[in-house]
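A.B. asks: One gets the numbering used here by counting positions in the sequence shown from 1 and adding 3 to each.
Built from N, CA and C at the ideal position, the CB exists for glycine as well.
Note that the coordinates shown come from a computational prediction; the quantities given were computed from them, not determined experimentally.
The structure that follows is given in the form of C-alpha cells.
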Amino acid sequence: MSEKLKIGIGSDHAGYILKEFIKKQLVIKGFEVEDFGCYSEESIDYPDIIHPLALSVDKGLIPRAIIICGSGIGVSIVANKYNGVRAALCCDTERARLSRQHNDANVLALGARFTTQEQALEMLNVFLETEFEGGRHTRRVEKIKRAE
C-alpha cells in the first residue's frame with residue numbers, strides 16, 4: 004500500500020492490551036490513528052466503542068479500522084450493523100488476505116484471547132497491504148451492498 008491511510012482502532016477491556024500494541028505499530032509505520040477507546044482494562048461494553056467507530060467508517064471519515072474484543076465476535080457483529088462496513092473476523096493471515104482480496108473488507112476484527120501480538124501484527128500487515136482484486140468479486144460485493 005503506497006498511500007498511508009487514517010486508521011480507526013477500538014476495543015473493549017479484553018482487547019485493550021492488544022489494541023495498544025497495534026496502535027503503537029501503526030504509529031511506527033506512519034499511519035494517523037484515531038483511537039475510539041477503550042483506554043484501560045476496566046470493564047466496558049464493546050458496543051459503546053464500536054458504534055462510533057463503525058459510524059465513522061460508514062460515513063467515509065475513516066477508510067479502514069481495527070476492532071478487538073476477547074473473541075472478536077461481538078465487535079464484528081456491532082460493526083457489521085452499519086452500511087458501508089464490511090468487518091471480517093480473522094484468525095490467520097490467509098483469511099486477512101482473502102477478506103481484502105475477495106470481500107473488500109474495511110474493518111479487521113480480532114479476538115485478543117485467541118491472538119498473539121505476533122499473529123495480530125502479521126494479520127494487520129496483510130490486511131493493510133492487500134488490495135481488493137475486483138473482477139468477479141466486485142459483483143459479489145455489490146450484491147452485499149444491496150441490503151444497505
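To the nearest angstrom, how far is the alpha carbon of M4 from that of I47?
C.D. replies: With a pLDDT of only 44 at M4, under 50, the local geometry of the prediction cannot be trusted, and the value read off the model is given with reservation. Taking the straight line from one Cα to the other gives about 34 Å.
A.B. asks: Leaving out the 5 sequence neighbours to the left and right, which residues in its chain are closer than 8 Å to E45 when beta-carbon positions are compared?
C.D. replies: These residues qualify, in order along the chain: H16.
A.B. asks: With distance defined between alpha-carbon atoms, name the residue in N106, G33, I70 nearest to P50.
C.D. replies: Of N106, G33, I70, the residue nearest in Cα terms is I70.
A.B. asks: Sorted by chain position, which residues of the same chain lie with C-beta nearer than 6 Å to V78's C-beta, five sequence neighbours on each side aside?
C.D. replies: Y49, I53, I70, C72, A112
A.B. asks: Which term fits D95, buried or exposed, when burial requires 16 or more other beta carbons within 10 angstroms of its beta carbon?
C.D. replies: D95 should be labelled exposed.
A.B. asks: Quick one, are the C-beta atoms of Q28 and L127 less than 8 Å apart?
C.D. replies: yes
A.B. asks: For L64, count neighbouring Cβ atoms within 10 angstroms of its own Cβ and tell me buried if that reaches 16, exposed if not.
C.D. replies: exposed
A.B. asks: For the alpha helix (DSSP H) containing S79, list its first residue and its last residue.
C.D. replies: 76 to 82
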